[in-house]
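Shown next, in structure tokens, is the structure this report addresses.
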Amino acid sequence: MIDVSKVRAIDIHTHAEEPCGCHADDGYDDLQSTMAKYFGAPWDHPPTIPETAAHFREQNIAAVIFPVDAERETGYRRYSNDEVAEQVAQNSDILIPFASIDPHKGKMGVREAKRLIAEYGIKGFKFHPTFQGFYPNERFCYPLYEVLEEAGCVALFHTGQTGVGSGMPGGNGMRLKFSNPMYLDDVAVDFPDLKIIAAHPSFPWQEEALAVAQHKPNVYIDLSGWSPKYFPEILVRYCNSILKKKVLFGSDWPMITPERWLNDFEKIAIRDELREDILKNNAARLLGLI
1 MIDVSKVRAI DIHTHAEEPC GCHADDGYDD LQSTMAKYFG APWDHPPTIP
51 ETAAHFREQN IAAVIFPVDA ERETGYRRYS NDEVAEQVAQ NSDILIPFAS
101 IDPHKGKMGV REAKRLIAEY GIKGFKFHPT FQGFYPNERF CYPLYEVLEE
151 AGCVALFHTG QTGVGSGMPG GNGMRLKFSN PMYLDDVAVD FPDLKIIAAH
201 PSFPWQEEAL AVAQHKPNVY IDLSGWSPKY FPEILVRYCN SILKKKVLFG
251 SDWPMITPER WLNDFEKIAI RDELREDILK NNAARLLGLI
């Protein structure tokens with residue numbers, strides 16, 4: 001269990017990659033190297049979970065970590081949720097386990113989610129509509145959401161444009177339309193007790209994301225994937241006011257390091273008395289850590 005009083009922040013958005021490599025044979029190597037260039041990431045190969053844990057421990061930052069299951073849509077082999085959960089359990093002083101299941105997996109995915117929650121205490125699930133190829137409000141997703149709502153898990157959805165496939169021919173097949181945050185409004189209505197995070201400043205749909213988060217009590221926004229120096233003015237205004245208890249620090253590691261994000265966050269016009277909530281307390285409450 002994370003001791004919230006001893007960490008300086010909780011990063012709600014970090015990615016796990018397999019230690020065996022990025023699978024050059026299915027194209028995942030090319031995707032990762034292109035993304036690293038897009039974000040200016042300081043590595044040639046994504047860090048492993050133990051390396052991630054060591055980095056965040058050194059920074060005294062707790063982190064939610066997850067894989068992304070997009071094998072059906074992309075052909076990229078997924079990083080086993082079980083393997084991720086087992087490695088996270090070995091670093092439970094600093095890492096918080098999320099999983100990822102493509103909703104297209106239907107009853108098989110529902111069964112896997114129930115097992116992961118029971119066996120590993122998974123706190124939430126990551127969905128990437130563009131990478132996984134679905135609209136969040138499609139009814140075939142709902143049995144999986146029911147499991148999460150009943151278990152008190154978080155559903156974290158990528159929203160907005162993505163670095164995945166950016167600059168590759170045809171965007172590597174990624175369709176941006178799936179990640180409009182307005183589709184989460186239906187999910188929030190139909191699952192009012194499901195804790196939902198709309199990840200990232202949701203370009204080009206920032207105002208849609210703010211509207212849904214303001215209107216629906218169970219919807220939050222994480223601030224990952226962008227340096228704070230690029231945040232639109234309206235997002236900063238809402239962080240300082242209406243959504244001050246509903247915005248969450250996230251880096252999008254390993255594409256953006258938490259220390260880079262935090263350094264840039266210090267320089268933007270966030271009210272001093274709100275910084276600790278955004279960096280730590282809002283996430284701690286959402287995750288049931290305090």
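Numbering (UniProt numbering), first residue to last: 1 to 290.
From the three backbone atoms N, C-alpha and C, an ideal C-beta is built for every residue, glycine too.
Span separating the alpha-carbon of residue i from that of residue j
{"i": "glutamate 273", "j": "asparagine 172", "result": "43 angstroms"}
{"i": "alanine 63", "j": "methionine 255", "result": "14 angstroms"}
{"i": "methionine 168", "j": "methionine 174", "result": "10 angstroms"}
{"i": "aspartate 69", "j": "glycine 109", "result": "11 angstroms"}
{"i": "isoleucine 221", "j": "isoleucine 197", "result": "5 angstroms"}
{"i": "valine 212", "j": "glycine 250", "result": "19 angstroms"}
{"i": "glycine 160", "j": "aspartate 185", "result": "15 angstroms"}
{"i": "leucine 279", "j": "asparagine 218", "result": "19 angstroms"}
{"i": "alanine 99", "j": "lysine 195", "result": "15 angstroms"}
{"i": "leucine 156", "j": "lysine 123", "result": "11 angstroms"}
{"i": "glycine 163", "j": "histidine 15", "result": "13 angstroms"}
{"i": "histidine 128", "j": "arginine 271", "result": "31 angstroms"}
{"i": "cysteine 141", "j": "leucine 235", "result": "29 angstroms"}
{"i": "glutamate 146", "j": "lysine 107", "result": "12 angstroms"}
{"i": "histidine 104", "j": "leucine 144", "result": "10 angstroms"}
{"i": "isoleucine 290", "j": "alanine 209", "result": "26 angstroms"}
Nearest neighbour of residue i, chosen from the options [CA to CA]
{"i": "arginine 72", "options": "Ala89, Asp11, Ile101, Phe66", "result": "Ile101"}
{"i": "valine 187", "options": "Lys216, Tyr120, Asn81", "result": "Lys216"}
{"i": "leucine 148", "options": "Arg111, Trp253, Phe134", "result": "Arg111"}
{"i": "glutamine 59", "options": "Ile290, Pro258, Asn263", "result": "Pro258"}
{"i": "glutamate 18", "options": "Leu95, Arg57, Tyr76", "result": "Tyr76"}
{"i": "glutamine 206", "options": "Phe265, Arg237, Ile278, His13", "result": "Arg237"}
{"i": "aspartate 82", "options": "Lys267, Ser202, His128, Ala113", "result": "Ala113"}
{"i": "phenylalanine 265", "options": "Ser227, Ile242, Ala155", "result": "Ser227"}
{"i": "aspartate 11", "options": "Leu235, Ile94, Asp193, Asn137", "result": "Ile94"}
{"i": "leucine 176", "options": "Val189, Phe191, His158, Asp190", "result": "His158"}
{"i": "alanine 89", "options": "Pro103, Phe66, Lys244", "result": "Phe66"}
{"i": "proline 50", "options": "Asn91, Tyr79, Thr74, Ser80", "result": "Asn91"}
{"i": "alanine 193", "options": "Ala151, Phe231, Asn180, Ala269", "result": "Reading off the sequence, residue 193 comes out as aspartate, not alanine. With distances taken between Cα atoms, aspartate 193 lies closest to Ala151."}
{"i": "serine 179", "options": "Phe191, Gly170, Thr130, Cys153", "result": "Thr130"}
Beta bridge counterpart(s) of residue i as assigned by DSSP
{"i": "lysine 245", "result": "According to DSSP, lysine 245 bridges with nothing at all."}
{"i": "phenylalanine 66", "result": "His15"}
{"i": "isoleucine 197", "result": "Leu156, Tyr220"}
{"i": "isoleucine 101", "result": "According to DSSP, isoleucine 101 bridges with nothing at all."}
Residue i in three-state terms, based on DSSP
{"i": "leucine 289", "result": "coil"}
{"i": "valine 88", "result": "helix"}
{"i": "tyrosine 230", "result": "helix"}
{"i": "isoleucine 49", "result": "helix"}
{"i": "tryptophan 205", "result": "coil"}
{"i": "alanine 188", "result": "helix"}
{"i": "alanine 9", "result": "strand"}
{"i": "isoleucine 256", "result": "coil"}
{"i": "isoleucine 61", "result": "strand"}
{"i": "arginine 96", "result": "Reading off the sequence, residue 96 comes out as isoleucine, not arginine. Of the three classes helix, strand and coil, the one that applies to isoleucine 96 here is strand, per DSSP."}
**Every unbroken alpha helix (DSSP H) within the segment 115-162, with a cutoff of 4 residues, ordered by chain** = Listed in chain order, the alpha helix (DSSP H) elements of length 4 or more contained wholly in the segment 115-162 are 129-132, 142-151.
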